[in-house]
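Q: After the structure tokens below, expect a handful of questions from me.
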Amino acid sequence: MPTYVRTLFLMAGTMFGSVRRALTSLNEIERAAELCIAERQEILKNGENVERKDIMSSLFDIIREKGDKVDFGLTEAKVEVYVALFAGSDTTAAAVSSILYHLVKNPQAYRKLTEEIRQAAASGELSRPSVQYSEAIKLPYLNACCKEGLRMHPSVGLTLPRNVPKGGSMICGEWFPEGTRVGVNAAVVHRDKTTFGDDANEFRPERWFEDNRENMERHMFQFGGGSRTCIGKNLLDILM
Numbered sequence: 003m004p005t006y007v008r009t010l011f012l013m014a015g016t017m018f019g020s021v022r023r024a025l026t027s028l029n030e031i032e033r034a035a036e037l038c039i040a041e042r043q044e045i046l047k048n049g050e051n052v053e054r055k056d057i058m059s060s061l062f063d064i065i066r067e068k069g070d071k072v073d074f075g076l077t078e079a080k081v082e083v084y085v086a087l088f089a090g091s092d093t094t095a096a097a098v099s100s101i102l103y104h105l106v107k108n109p110q111a112y113r114k115l116t117e118e119i120r121q122a123a124a125s126g127e128l129s130r131p132s133v134q135y136s137e138a139i140k141l142p143y144l145n146a147c148c149k150e151g152l153r154m155h156p157s158v159g160l161t162l163p164r165n166v167p168k169g170g171s172m173i174c175g176e177w178f179p180e181g182t183r184v185g186v187n188a189a190v191v192h193r194d195k196t197t198f199g200d201d202a203n204e205f206r207p208e209r210w211f212e213d214n215r216e217n218m219e220r221h222m223f224q225f226g227g228g229s230r231t232c233i234g235k236n237l238l239d240i241l242m
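Under our numbering, the sequence shown is numbered contiguously, ending at residue 242.
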């Protein structure tokens, strides 16, 4: 889409009530970010000790130690909190929703996963009342279900555009001149039958035990890839 058309296209979305409600929800997240900053400011102002060091502590350390030097103040801290609330909670919720949805829609996979968890609990491999991450990653079918849920419904629908390098490039049999912005949605990559098999449109966790699993891993694009991959991907694994 040409740049001069993109702005008009995005503005046209405000004609729909669902889009306007979504924009209103963003305002709620912004207010939540402001509240987080204000609460921490109040704690520090009163000389109270923070129970544990968290991301907010690191942000205020930057402001105190080198804020003027790196041009990082309360506004920048609020933006960081906003991004953490928006990107961290929404994407995690979408990932978990996808996994649960497909398990409910596929009773056989649900029963198999339930049996694996029950056996692990009965043999003392899982802590109670809270299962530890180090224990959960040892459950092969659970991990396969998580991967398959992320494959079927990536949390982010961005195309992660890049510019074609100097000299142009041949991509998927099509020639693109240098400077062209190209991108691909993770959902498109994850449904590629040449990589994930003829049943790529189906939820089948068993595919992650097949010989092609290493190649499939390389094509999982829900976190992006390369040097700009999502910095929160390991945190999402822990939360799931």
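C-beta: ideal position from N, C-alpha, C; glycine also. What you are looking at is a predicted structure, and each value in this text was computed from that prediction instead of being measured.
On a CA-only basis, which of Val-184, Asp-56, Ile-45 and Leu-160 is nearest Val-166? Give me that one, please.
A: To locate residue 166, count along the sequence shown from 1; it is residue 164. Nearest of Val-184, Asp-56, Ile-45 and Leu-160 to Val-166, Cα basis: Val-184.
Q: Could you name the residues that DSSP lists as bridge partners for Trp-177?
A: Here residue 177 is taken as the residue at index 175 of the sequence shown, counted from 1. Looking at the DSSP assignment, Trp-177 forms a beta bridge with Met-172.
Q: Distance, Cα to Cα, Glu-50 vs Asp-63?
A: The residue given as residue 50 occupies position 48 in the sequence shown. The residue given as residue 63 occupies position 61 in the sequence shown. The straight-line gap from Cα to Cα measures roughly 15 Å.
Q: Would you kindly work out how many angstroms separate the C-alpha atoms of Ser-60 and Tyr-103, rounded to a whole number?
A: Translated into positions along the sequence shown, residue 60 becomes position 58. Translated into positions along the sequence shown, residue 103 becomes position 101. Roughly 37 Å separates the two Cα atoms.
Q: Could you please give the first and the last residue of the uninterrupted alpha helix (DSSP H) stretch that includes Asp-239?
A: Position 237 of the sequence shown, counted from the first residue, corresponds to residue 239. Unbroken alpha helix (DSSP H) run through Asp-239: 235–241.
Q: Since Thr-93 is in the alpha helix (DSSP H), which residue starts that stretch and which ends it?
A: The residue you call residue 93 lines up with position 91 of the sequence shown. 92–107 is the span of the alpha helix (DSSP H), which, as asked, contains Thr-93.
Q: Tell me Arg-215's beta-bridge partners as DSSP assigns them.
A: Position 213 of the sequence shown, counted from the start, is the residue given in the question as residue 215. DSSP, once it has assigned bridges, lists no residue as partnering Arg-215.
Q: Please return the same chain residues whose Cβ sits closer than 7 Å to the Cβ of Ala-34, not counting the five positions on each side in sequence.
A: If you number the sequence shown from 1, residue 34 lands on position 32. Cβ contact annotation for Ala-34 (same chain, cutoff 7 Å, sequence separation greater than five): Leu-87, in chain order.
Q: Determine the direct distance from the alpha carbon of Tyr-112 to that of Leu-105, and round the result to whole angstroms.
A: For this step, residue 105 is matched to residue 103 along the sequence shown. For this step, residue 112 is matched to residue 110 along the sequence shown. Approximately 5 Å, taken between the alpha carbons.
Q: Just to check, is the beta-carbon of Asn-236 closer than 7 Å to a non-hydrogen atom of the ligand SAM?
A: As for the ligand SAM, it is missing from this structure, which has no ligand bound.
Q: Out of Lys-47, Gly-151 and Ile-45, point me to the one whose CA is closest to Ala-97's CA.
A: Looking up residue 97 in the sequence shown gives position 95. Ala-97 has its Cα closest to that of Gly-151, out of Lys-47, Gly-151 and Ile-45.
Q: Using 10 angstroms around the beta-carbon of Cys-148, count the other beta-carbons present and answer buried if the total reaches 16, otherwise exposed.
A: The residue given as residue 148 occupies position 146 in the sequence shown. Classification for Cys-148: buried.
Q: Going by the beta-carbon positions, is the gap between Arg-193 and Ala-202 smaller than 8 Å?
A: Counted from its first residue, the sequence shown places residue 193 at position 191. Counted from its first residue, the sequence shown places residue 202 at position 200. The criterion of a C-beta distance shorter than 8 Å is satisfied by Arg-193 and Ala-202.
Q: Quick check: the Cα distance between Lys-55 and Ala-189, rounded to an integer number of angstroms?
A: Locating residue 55 in the sequence shown gives position 53, where the first residue counts as 1. Locating residue 189 in the sequence shown gives position 187, where the first residue counts as 1. If you take the alpha carbons of Lys-55 and Ala-189, they lie about 37 Å apart.
Q: DSSP three-state label for Val-81, please.
A: The residue given as residue 81 occupies position 79 in the sequence shown. Three-state DSSP puts Val-81 in a helix.
Q: Identify whether Asn-165 lies in helix, strand or coil by the three-state DSSP scheme.
A: Taking the sequence shown and counting its residues from 1, the one referred to as residue 165 is at position 163. The answer is strand: DSSP assigns Asn-165 an E or B state.
Q: What are the partner residues of Arg-183, as DSSP defines its beta bridges?
A: Here the question's residue 183 lines up with position 181 in the sequence shown. Answer is Asn-165.
Q: Does any residue of chain B bring its CB to less than 8 Å from the CB of Lys-168?
A: You won't find chain B in this structure, because it holds only one protein chain.
Q: Where Val-85 and Ala-95 are concerned, what is the direct C-alpha to C-alpha distance, given to the nearest angstrom?
A: Taking the sequence shown and counting its residues from 1, the one referred to as residue 85 is at position 83. Taking the sequence shown and counting its residues from 1, the one referred to as residue 95 is at position 93. So the two alpha carbons sit approximately 15 Å from each other.
Q: Are Ala-122 and Trp-210 closer than 8 Å when you measure CB to CB?
A: As a first step, residue 122 is located in the sequence shown; it is residue number 120 there, counting from the start. As a first step, residue 210 is located in the sequence shown; it is residue number 208 there, counting from the start. Cβ atoms of Ala-122 and Trp-210: not closer than 8 Å.
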